[in-house]
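Position one of the sequence shown corresponds to residue 25 (the numbering used here), numbered consecutively onward. By construction, the Cβ of each residue, glycine as well, lies at the ideal position given by its N, Cα and C atoms. Report on the following structure.
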Amino acid sequence: MPCCCEECLLIRQRILVTVVVALALLMAACGNGDDSSVDPADIVTVVEEGAELYATYCAACHGENLEGHPNWMTPNADGSYNPPPQDSTGHTWHHGDPTLVQLISEGSPFRESVMPAFGDTLTDEQILAILEFFRSNWGEQERTFQQQATERDLAANP
Ligand code: HEC
Numbered sequence: 025m026p027c028c029c030e031e032c033l034l035i036r037q038r039i040l041v042t043v044v045v046a047l048a049l050l051m052a053a054c055g056n057g058d059d060s061s062v063d064p065a066d067i068v069t070v071v072e073e074g075a076e077l078y079a080t081y082c083a084a085c086h087g088e089n090l091e092g093h094p095n096w097m098t099p100n101a102d103g104s105y106n107p108p109p110q111d112s113t114g115h116t117w118h119h120g121d122p123t124l125v126q127l128i129s130e131g132s133p134f135r136e137s138v139m140p141a142f143g144d145t146l147t148d149e150q151i152l153a154i155l156e157f158f159r160s161n162w163g164e165q166e167r168t169f170q171q172q173a174t175e176r177d178l179a180a181n182p
């Protein structure tokens, strides 16, 4: 089973609807691609910083190419899970930025988990750079989906 948390189970039920909505949004967004206020060169720099931080702190578990552990979906005998991929085949993109920053900063909520807390090692900005690096590897659909999850997070906790 791809993810054990309740949010993901609910999300999976709604995924079909969301994909349709995401495609509609994407088509709407295609018309005005050049009114973005973010300089693409800045994003490239952040992605490179995120890639370096990922290689240093995360790749040992989540894989040099974001591929994760081959058996990431099957729990171990002690109930713990192996590191999931961080590319489109994983489930990190199911969660919004605030949820992910908290998880990476404070560590996994699962007691048996080996996912460390990085709050003493990485700033929120560095964690966001790693997330930007993840995004640069996700498909358009995953990016749109995750953007909406971030908006839901922000609406629930302004
Ligand atoms: C010692 C191994 C290890 C290291 C190092 C590690 N992780 Fe993890 N990570 C895991 C495991 C195992 C999980 C599986 C979920 C759990 O146990 O809670 C996980 C889960 C995650 C998740 C949640 C995925 C989801 O959709 O629920 C994210 C995001 C994540 N890791 C990001 C990172 C980032 C970013 C770094 C580096 C800064 C990192 N991890 C370093 C082992 C590791």
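Asked: Ser112 and Glu166 look like a contact to me (Cβ under 8 Å); what is the Cβ gap, rounded to whole Å?; Found: 5 Å
Asked: What did DSSP end up calling Thr168 once you bin it into helix, strand or coil?; Found: helix
Asked: For the alpha helix (DSSP H) holding Pro64, just list the boundary residues, first then last.; Found: 64 to 81
Asked: Tell me which same chain residues have a C-beta within less than 6 Å of the C-beta of Gln150, skipping the five on either side of it?; Found: Leu77
Asked: For Trp186, which residues in the same chain have their Cβ closer than 7 Å to its Cβ, ignoring the five residues on either side in sequence?; Found: It is not possible to answer for residue 186, since the shown part of the chain is limited to 25 through 182.
Asked: In whole angstroms, what separates the C-alpha of Val70 from that of Glu156?; Found: 7 Å
Asked: Is Thr42 helix, strand or coil by DSSP?; Found: Caution is warranted here: a pLDDT of 45 is assigned to Thr42, below 50, making its placement in the model unreliable, and the coordinate value is therefore given only provisionally. Note: Thr42 maps to helix in three-state DSSP.
Asked: Rounded to whole angstroms, what's the CA-CA distance from Leu127 to Gln172? Just pull it up for me.; Found: 18 Å
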